[in-house]
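Shown next, in structure tokens, is the structure this report addresses.
There are 2 protein chains.
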Amino acid sequence: MPTYKAPLEDIRFILSDVVDTSSLPGMTEAATSPVLNRAAEFCEKVLFPLNASGDIEGCHFESGRITAPKGFVEAYREFREGGWSGMSCAKECGGQGFPLLLEFVVGEMIGSANMAFSLYPMLSHAAYKTIEKYADENLKRAYLPKLVDGSWTGTMCMTEPQAGSDLGLIEAKAEPQPDGSYKITGEKIFITAGEHDLCDNIVHLVLARLPNALPGVRGISLFLVPKIFPESGARNSVICEKLEDTMGIRASAVCSLKFDGATGWLIGEPGRGVRAMFTMVNETRMMVGLQGIGMAEVAYQNAAAYAKKRHQMRAITGTKKPGAPADPIIVHPDVRQKLLTMKSLVEGCRALAIWVGREFDVSIRGADPKKKAAATDFVALMIPIIKAFGTDMGFDAANAALQIFGGHGYMRDNGIEQFVRDVRVAQIYEGTNGIQALDLVMRKMTEDYGRLLRTFFHPVARFLAEEKDNKSLAGFRAAFLSAFNKLQMASLYINTRMPANTDEAGTGAADYLRIFAYVAIGFLWLKMAKAAASKIAQGGERAAFYEAKLKTADFYFSRILPQVHGHYRALITGAKPIMDFPAEAF
Amino acid sequence: MPTYKAPLEDIRFILSDVVDTSSLPGMTEAATSPVLNRAAEFCEKVLFPLNASGDIEGCHFESGRITAPKGFVEAYREFREGGWSGMSCAKECGGQGFPLLLEFVVGEMIGSANMAFSLYPMLSHAAYKTIEKYADENLKRAYLPKLVDGSWTGTMCMTEPQAGSDLGLIEAKAEPQPDGSYKITGEKIFITAGEHDLCDNIVHLVLARLPNALPGVRGISLFLVPKIFPESGARNSVICEKLEDTMGIRASAVCSLKFDGATGWLIGEPGRGVRAMFTMVNETRMMVGLQGIGMAEVAYQNAAAYAKKRHQMRAITGTKKPGAPADPIIVHPDVRQKLLTMKSLVEGCRALAIWVGREFDVSIRGADPKKKAAATDFVALMIPIIKAFGTDMGFDAANAALQIFGGHGYMRDNGIEQFVRDVRVAQIYEGTNGIQALDLVMRKMTEDYGRLLRTFFHPVARFLAEEKDNKSLAGFRAAFLSAFNKLQMASLYINTRMPANTDEAGTGAADYLRIFAYVAIGFLWLKMAKAAASKIAQGGERAAFYEAKLKTADFYFSRILPQVHGHYRALITGAKPIMDFPAEAF
Chain F
0 MPTYKAPLED
10 IRFILSDVVD
20 TSSLPGMTEA
30 ATSPVLNRAA
40 EFCEKVLFPL
50 NASGDIEGCH
60 FESGRITAPK
70 GFVEAYREFR
80 EGGWSGMSCA
90 KECGGQGFPL
100 LLEFVVGEMI
110 GSANMAFSLY
120 PMLSHAAYKT
130 IEKYADENLK
140 RAYLPKLVDG
150 SWTGTMCMTE
160 PQAGSDLGLI
170 EAKAEPQPDG
180 SYKITGEKIF
190 ITAGEHDLCD
200 NIVHLVLARL
210 PNALPGVRGI
220 SLFLVPKIFP
230 ESGARNSVIC
240 EKLEDTMGIR
250 ASAVCSLKFD
260 GATGWLIGEP
270 GRGVRAMFTM
280 VNETRMMVGL
290 QGIGMAEVAY
300 QNAAAYAKKR
310 HQMRAITGTK
320 KPGAPADPII
330 VHPDVRQKLL
340 TMKSLVEGCR
350 ALAIWVGREF
360 DVSIRGADPK
370 KKAAATDFVA
380 LMIPIIKAFG
390 TDMGFDAANA
400 ALQIFGGHGY
410 MRDNGIEQFV
420 RDVRVAQIYE
430 GTNGIQALDL
440 VMRKMTEDYG
450 RLLRTFFHPV
460 ARFLAEEKDN
470 KSLAGFRAAF
480 LSAFNKLQMA
490 SLYINTRMPA
500 NTDEAGTGAA
510 DYLRIFAYVA
520 IGFLWLKMAK
530 AAASKIAQGG
540 ERAAFYEAKL
550 KTADFYFSRI
560 LPQVHGHYRA
570 LITGAKPIMD
580 FPAEAF
Chain U
0 MPTYKAPLED
10 IRFILSDVVD
20 TSSLPGMTEA
30 ATSPVLNRAA
40 EFCEKVLFPL
50 NASGDIEGCH
60 FESGRITAPK
70 GFVEAYREFR
80 EGGWSGMSCA
90 KECGGQGFPL
100 LLEFVVGEMI
110 GSANMAFSLY
120 PMLSHAAYKT
130 IEKYADENLK
140 RAYLPKLVDG
150 SWTGTMCMTE
160 PQAGSDLGLI
170 EAKAEPQPDG
180 SYKITGEKIF
190 ITAGEHDLCD
200 NIVHLVLARL
210 PNALPGVRGI
220 SLFLVPKIFP
230 ESGARNSVIC
240 EKLEDTMGIR
250 ASAVCSLKFD
260 GATGWLIGEP
270 GRGVRAMFTM
280 VNETRMMVGL
290 QGIGMAEVAY
300 QNAAAYAKKR
310 HQMRAITGTK
320 KPGAPADPII
330 VHPDVRQKLL
340 TMKSLVEGCR
350 ALAIWVGREF
360 DVSIRGADPK
370 KKAAATDFVA
380 LMIPIIKAFG
390 TDMGFDAANA
400 ALQIFGGHGY
410 MRDNGIEQFV
420 RDVRVAQIYE
430 GTNGIQALDL
440 VMRKMTEDYG
450 RLLRTFFHPV
460 ARFLAEEKDN
470 KSLAGFRAAF
480 LSAFNKLQMA
490 SLYINTRMPA
500 NTDEAGTGAA
510 DYLRIFAYVA
520 IGFLWLKMAK
530 AAASKIAQGG
540 ERAAFYEAKL
550 KTADFYFSRI
560 LPQVHGHYRA
570 LITGAKPIMD
580 FPAEAF
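Keeping their order, the protein sequence lines are chains F and U.
Here the first sequence stands for residues 0 to 585, where the numbers follow numbering that gives the first Met the number 0.
Here the second sequence stands for residues 0 to 585, where the numbers follow numbering that gives the first Met the number 0.
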């Protein structure tokens, strides 16, 4: 059976020594330390033990009701009582008022411990923020406190059978009623936590069309549709038709909902529903990226532990007496390479996510308008990278762990193949990773002649200038500069081609996102290496910890970052033959 | 539900126009055409319809007996009656005497149609060949005809809980009996088709140790252990203890077997069991590579069909009237790029496999000793590439198909996620892909100062010289030469470092294998492009088919082959920091 230990030492290293988070109110070590400890304990002792059993048992569907696997109701009660549902919500709504950054850090742990569980409360926060921003006072009073204290959970009802990535194709209808409410009719599929027994009520946020609405996304409005009316306790006409039969996250209640003239209320302006729903898109995409990082972390931990205890073959180099005992497989270069790939990427991605998370808080609560605007730009730029690269990396790491376990990894009993099945969905939901790449290339990088890009390029250039004589980075600088140069050239290449041939830009989008991610993670590895070297120079007890950081950085710059060059070549040569390939020849 | 149509047109193009197979006896178009047609029909109409239902139902285990899912017994009867079990077996044993190449081509189709089914008879052929080569006449008479006509199936019982990749750790024991037989005792796990109800008897080939055997692989012998004694019809003491609970191939009876003093007979010499078992390793690894290619083919077909019928968003380029109907997603560059990646790799891998398959037959039945020796070298060199790259590619293609299906791909009902779960095992069994890379680098490429390497490099160099003025290849030559050069440099790099630092060579093994695979497939794309261009120049009816080949080649050389450069960079810089990373820091 797999194990999980929250990587608190790594997290604290980043929070204290790599990404300066002291400027955020509430992020002092004294404030965050007990929270992180409690979160670690909850994840390790409550959520993780339910991960495998939840997958095996799955959810149950009967007569329109879904019940979660054994232990989930109790775990959710602990989650709620621990105040985790309202961690970053305003204190006046009953929340704890912590920075979002802390919620993100905890989010990674929950993703590691039990990704299926993490999906029950995940959209409550998005519902909370959307209602807070767009709903009228009556609705706020009725719904916000319950979402904050976790008595109720929220959903985002977007997808329909014919409308997935393309929300403009949504057909659900909303008929105005004399009392100011609306009757919602339509079918929604793949609804996360759309029906379950973890709490008393579910608050659905539903995209639908008013009569005579414009076609496309501009004709879509947003409605709040409760499962149960808070005043009367009566059931609304929201019918769970089916528990979706998913590849993984089988303990998560993903379902199809039929809105059969259900009563709802308009949130925000008519025709602005998609925009209102997308208020929270950065936050949910960040959370999904963190699920990927969390899955990579737990996959890595188990693969590393297995590689130390599984004995097969003797080391290639060394005394090869026939019949000598086999070595633990961690001596084999292929196994080490897989582990170091996972380790360097998960630590690098986490550091990147914490940097983005800090700016997330600045973008919302920052005092200085200029810094706030810059932070908003930076977050917008980095979200598609965190979401797409974090989940791709999570999937690759889970697969690498399975490979290290070999045949044993392919057996369900060992719990590793579950990681692969679970994390796979994260590459799809909240905008497929292909769409993330398009978002980066088509929207983010072109906006205002690269205004967003500069929020990344400038800090990097500044750091390189400031640290140009830092000897501890000497071994990494050439590799980084060469990759950074390729990122700049790739940006220029796409930008110059963009208006004339957007398809070409679209073709290179996935390569571009990957180049960007590798370079961004490289930047964080420079910062981690700098911090580690400085700790070592100061002397102290944890030299081995910091030495390992330097060695991991060395691996990253030697083995991972050079892949930028293959992607760059593919980017500049690969676009041409794609669009003129005749559809009938596929 | 997925669909499958055997890619006969593509297969015939390679057999007739790309890889010259006319020199192989029995490979005339007149001889192979009816076989291919019958195989296609059997795969499309009998095996494929059982693929999804077999996965959902899975195998059943009760009181030591495993029964296959509904329809498998009947399908196997058809398989047997169709003569597929003895396709390439000698006519004097009741086989059909076809070249192995034809069996490989059919093997790809069976892998596409139903990978779980393909595993029931897959090892019969290996058992047949091993018995034919090493067993005495009595055993041959008793077992061979039944394996050839498919009345019985075979197994390879190698793995034990503590002995996976490392067969030297095998502990099963064999006690000699006065009558010349042996009592076999031990536990074997992950045994493919180890117990099932598709036929009357199962012939286990079991690795075990004689008393006082040497430690390690040199102390392991091979035994034939039937499930049921042919003479008496009595059950042997081979007990199926468990149906393994696997991630995929759930219709396949993979199980744990307990040999409880079971009666067996020695095959070959004492202490030479691993060598005897590995007689067939090239053939089974080839078959596994073809499973990967087959899964990529069926995944591609379904993804392409879905991309043509699923409408989401409008094309980036073109008239973007708001509210205009959505386009099929095949207009989007990211979708096209995924499809062309799959298409160019599956067609390129298939052509490579057919080339290797032809040489396989030459290596066994060739008349000219010099050609036979060269073919043996070539097959030995290419097998790890076909096995590892074919299955990696199959897994990536299945995942890309899932991604193109989006959320619908994650739902079990659509049958795409099954491809991912099924093909995943092919990266592990018959030697993990990491071990394939080590085999290539440690054994194959170093043998006799690159004697094996020359069997690939020389034909490529010859082709390049012969075709240096071929205008139809002009657009591809530079990309190919640049990649080919990197392969040569990588070979040199590993070879020069090899004796002094084998760990470094081991570290680069996976990158090296990938570079080799991309270049080898690139060579086949040059050959396909040459053939297609020549057909177009001749005029004729199927111009669109050949035009598509040229365009796919263009994509391959523009977008896929350049990845060689990233791997090359990683290879030459990545080895250093791997081995000195302290085990306790993982």
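Glycine is no exception: its CB is placed at the ideal position from the N, C-alpha and C atoms.
- The three-state reading of DSSP puts residue 141 (chain F) in helix, counting H, G and I together.
- Residue pairing by DSSP places residue 535 (chain F) opposite no residue, since no beta bridge is assigned to it.
- In the structure shown, residue 23 (chain F) adopts coil according to DSSP, grouped into three states.
- Boundaries of the beta strand (DSSP E) around residue 156 (chain U): 151-156.
- In its chain, beyond the 5 residues on either side, 383, 386 and 387 have a beta carbon closer than 6 angstroms to the beta carbon of residue 435 (chain U).
- The shortest CA-to-CA distance from residue 108 (chain F) to any of F:207, F:168 and F:292 is the one to F:292.
- Close to residue 416 (chain F), with beta-carbon spacing below 7 angstroms, are these residues of chain U in chain order: 246.
- In this structure residue 548 (chain U) is buried. Its beta-carbon is surrounded by 16 or more other beta-carbon atoms within 10 angstroms.
- Between residue 202 (chain F) and residue 151 (chain F), the C-beta gap is smaller than 8 angstroms, which places the two residues in contact.
- Here the alpha carbon of residue 544 (chain F) sits roughly 8 angstroms from the alpha carbon of residue 531 (chain F).
- Between residue 125 (chain F) and residue 223 (chain F), the CB-CB gap reaches or exceeds 8 angstroms.
- Counting only Cβ-Cβ distances below 7 angstroms, residue 424 (chain U) has contacts in chain F at 409, in chain order.
- For residue 185 (chain F), the enclosing beta strand (DSSP E) stretches over residues 181-191.
- Rounded to whole angstroms, the separation of the alpha carbons of residue 15 (chain U) and residue 28 (chain U) is 8 angstroms.
- For residue 90 (chain U), there is no enclosing beta strand (DSSP E), as DSSP gives it neither H nor E.
- In the structure shown, residue 419 (chain U) adopts helical secondary structure according to DSSP, grouped into three states.
- Put simply, the CB of residue 505 (chain F) is near chain U, with a gap under 8 angstroms to one of its CB atoms.
- Residues are counted here when their Cβ sits less than 7 angstroms from a Cβ of chain U; for the stretch 251-264 of chain F the count is zero.
- According to the DSSP assignment, residue 206 (chain F) belongs to the beta strand (DSSP E) that extends over 200-208.
- By the Cβ rule, the stretch 457-469 of chain U does not count as touching the stretch 426-441 of chain F, because fewer than three pairs are nearer than 8 angstroms.
- Neighbours of residue 164 (chain U) in chain F, taken as residues at a C-beta separation under 7 angstroms, are given in chain order as 311, 312 and 405.
- Looking at the DSSP output, residue 239 (chain F) sits in a beta bridge with F:256.
- Taking residue 12 (chain F) as reference, the option from F:392, F:350, F:449 and F:497 with the minimal CA-CA separation is F:350.
- Judged by DSSP in its simplified three-state form, residue 407 (chain U) adopts helix.
- Rounded to whole angstroms, residue 574 (chain F) and residue 417 (chain U) show a C-alpha spacing of 31 angstroms.
- Neighbours of residue 332 (chain F) in chain U, taken as residues at a C-beta separation under 7 angstroms, are given in chain order as 502, 505, 506, 577 and 578.
- Boundaries for residue 220 (chain U): no alpha helix (DSSP H) harbours it, while the beta strand (DSSP E) harbouring it runs 219-225, taken from the DSSP string.
- Spanning the alpha carbons of residue 17 (chain F) and residue 521 (chain F) requires a straight line of approximately 13 angstroms.
- Taking a cut-off of 8 angstroms on C-beta distances, the stretch 351-368 of chain U does not touch the stretch 259-266 of chain U, as fewer than three cross pairs fall below it.
- If only uninterrupted alpha helix (DSSP H) runs of at least 4 residues are considered, those enclosed by the stretch 23-110 of chain U are 28-41, 50-56 and 71-80.
- In the DSSP annotation of this structure, residue 173 (chain U) is not part of any alpha helix (DSSP H); the continuous beta strand (DSSP E) holding it starts and ends at 172-175.
- By the 16-neighbour rule on beta-carbons within 10 angstroms, residue 0 (chain U) is exposed.
- Counting C-beta pairs with one atom in each stretch, the stretch 231-244 of chain U and the stretch 386-400 of chain U have fewer than three that are closer than 8 angstroms, which means they do not touch.
- Taken atom to atom, the span from the alpha-carbon of residue 104 (chain F) to that of residue 111 (chain U) is near 43 angstroms.
- Residue 347 (chain F) is outside the set of residues whose beta carbon lies under 8 angstroms from a beta carbon in chain U.
- It is roughly 22 angstroms from the alpha-carbon of residue 479 (chain F) to the alpha-carbon of residue 449 (chain F).
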